Amino acid sequence: MSAKVPEVIELEPQFKPRVWGGRRLAERFGLATDEPIGEAWMVFDENRVASGPYAGRVLAEVLPELGEAFLGRAVVERYGPRLPLMVKFLDTADWLSVQVHPDDAYARAHEAQTGWLGKAEAWVVLEAEPGAQVIYGVKRPVTREELRAAAQDGTILKLLNFVPVQQGDVIYVPPGTIHALGPGLLVYEVSQRSDLTYRLYDYGRGRELHLDRALDVARLEPPTAEMCRMQAGPLLETPWFKLYAAGRHLQAPERSLLAVVPPSIPCRGLVLGAGQQHHVDAPVQLVAHI
500 MSAKVPEVIE
510 LEPQFKPRVW
520 GGRRLAERFG
530 LATDEPIGEA
540 WMVFDENRVA
550 SGPYAGRVLA
560 EVLPELGEAF
570 LGRAVVERYG
580 PRLPLMVKFL
590 DTADWLSVQV
600 HPDDAYARAH
610 EAQTGWLGKA
620 EAWVVLEAEP
630 GAQVIYGVKR
640 PVTREELRAA
650 AQDGTILKLL
660 NFVPVQQGDV
670 IYVPPGTIHA
680 LGPGLLVYEV
690 SQRSDLTYRL
700 YDYGRGRELH
710 LDRALDVARL
720 EPPTAEMCRM
730 QAGPLLETPW
740 FKLYAAGRHL
750 QAPERSLLAV
760 VPPSIPCRGL
770 VLGAGQQHHV
780 DAPVQLVAHI
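The working numbering numbers the first residue of the sequence shown as 500 and each following residue consecutively.
1) Am I right that alanine 447 and alanine 751 are in contact with their C-beta atoms under 8 Å? What's the rounded C-beta distance?
2) For histidine 788, which option in Gly571, Leu756, Cys766 and His778 has the closest C-alpha, if you only look at C-alpha atoms?
3) On the three-state DSSP scale, how would you describe valine 575?
4) Taking 8 Å as the threshold, find out whether the segment 620-636 comes into contact with the segment 704-711 through three or more Cβ pairs.
5) Check whether the Cβ atoms of tyrosine 687 and valine 759 lie closer than 8 Å to each other.
6) Do valine 783 and glycine 746 have their beta-carbon atoms positioned less than 8 Å apart in this structure?
7) Scan the segment 705-787 and note each continuous alpha helix (DSSP H) run of 4 residues or more that stays entirely inside, going in chain order.
8) Is the beta carbon of leucine 562 closer than 8 Å to that of glutamine 583?
9) Looking only at its chain, what residues have a beta carbon closer than 7 Å to the beta carbon of alanine 573, apart from the 5 residues adjacent to it on each side?
10) If we call anything under 8 Å between Cβ atoms a contact, is isoleucine 655 one with valine 599?
11) Over the uninterrupted alpha helix (DSSP H) stretch that includes phenylalanine 543, give me the two end residues.
12) List the whole-angstrom C-beta distance separating methionine 585 from aspartate 668, where the pair is believed to meet the contact cut-off of C-beta under 8 Å.
13) Measuring straight from C-alpha to C-alpha, what distance separates alanine 539 and arginine 647?
14) Quick one: what does DSSP say tyrosine 605 is sitting in, helix, strand or coil?
15) In or out: aspartate 701 buried (at least 16 other Cβ within 10 Å) or exposed?
16) Does the distance from the CB of serine 693 to the CB of tryptophan 615 come in under 8 Å?
17) Here's a check: name, in chain order, each residue in its chain whose Cβ is nearer than 7 Å to the Cβ of alanine 717, leaving out the five neighbours to either side.
18) Expressed to the nearest angstrom, what Euclidean distance is found between the alpha-carbon atoms of leucine 714 and glycine 537?
19) Drop a sphere of 10 angstroms on the beta-carbon of alanine 606, count the other beta-carbons inside from all chains shown, and report buried for 16 or more, exposed for fewer.
20) Give the straight-line distance between the Cα atoms of glycine 521 and threonine 591, rounded to the nearest whole angstrom.
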């Protein structure tokens with residue numbers, strides 16, 4: 500391999516306007532826009548490298564050159580020379596659509612042309628206004644036909660489980676869980692490398708719904724909420740990623756890179772190579788790896 504393997508790669512964020520977005524991301528990142536920026540994609544393989552010898556290049560172009568020496572054997576064996584995770588900040592001034600994400604098997608069978616994986620995700624609530632809530636699954640068992648009818652006639656909210664949230668809550672959202680973030684939240688989200696979203700209900704905002712596919716993948720039984728509180732050390736371990744809170748000194752496993760984002764804005768996302776160590780300025784980091 501001719502490319503010198505870097506210790507860490509710093510990424511430029513991508514900013515996404517959303518109908519439900521707020522002003523916090525735009526203001527804190529110093530963006531000159533009046534659009535409601537709902538998402539900042541901090542770690543994603545279509546982001547550009549911010550500094551170093553690969554500056555200006557898209558990460559997805561760089562990773563095959565670096566290969567297993569940077570990505571780690573566990574990543575390459577499971578996913579090939581690509582980054583299998585993505586990390587975002589979300590700023591909500593309104594409800595997101597009631598939505599659901601598929602698992603890997605469904606994504607491979609029905610969405611292969613997109614290149615996306617299924618989507619398991621986790622949220623860390625960084626800020627929450629009083630009374631903030633999320634939707635997390637159905638509140639009682641429902642049938643596919645009942646869910647379809649409720650989505651079509653606008654009564655679906657009566658079937659859903661509304662959960663109060665506060666700063667420091669950590670919530671795992673497996674594929675198939677009907678969910679939505681409510682207004683007044685600033686959230687860190689880590690997920691599989693996927694943006695596959697099937698909308699069941701969108702509050703009359705006129706965006707496309709995806710009822711057939713949403714009903715294919717939605718869990719029709721109430722989920723067991725997988726929640727914990729933000730603290731130093733391990734937070735979640737799922738089949739697709741592990742999430743923990745670290746301090747200034749980072750150590751990547753020998754077999755997997757780390758996706759690193761401080762829970763403070765402004766900041767940049769980092770990808771720390773497999774087996775590498777790195778010291779960062781921010782006192783707290785949210786760290787994900789497979």
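Where is the CB? At the ideal position from N, CA and C, for every residue including glycine.
Small disclaimer: the values here were computed from a predicted structure and weren't measured.
Taking the coordinates as given:
1) Given a span of 500 to 789 for the chain in the structure shown, any question on residue 447 remains unanswerable.
2) Leu756
3) helix
4) no
5) no
6) yes
7) 710-716
8) Note that residue 583 corresponds to proline in the displayed sequence, not to glutamine. Contact flag unset, no.
9) Arg754, Ser755 and Ile789
10) no
11) It is not in any alpha helix (DSSP H) - phenylalanine 543 carries neither H nor E in the DSSP assignment.
12) With 8 Å as the limit, methionine 585 and aspartate 668 do not qualify as a contact, their Cβ atoms being about 21 Å apart.
13) 32 Å
14) helix
15) buried
16) yes
17) Val599, Leu646, Gly675 and Ile677
18) 26 Å
19) buried
20) 5 Å
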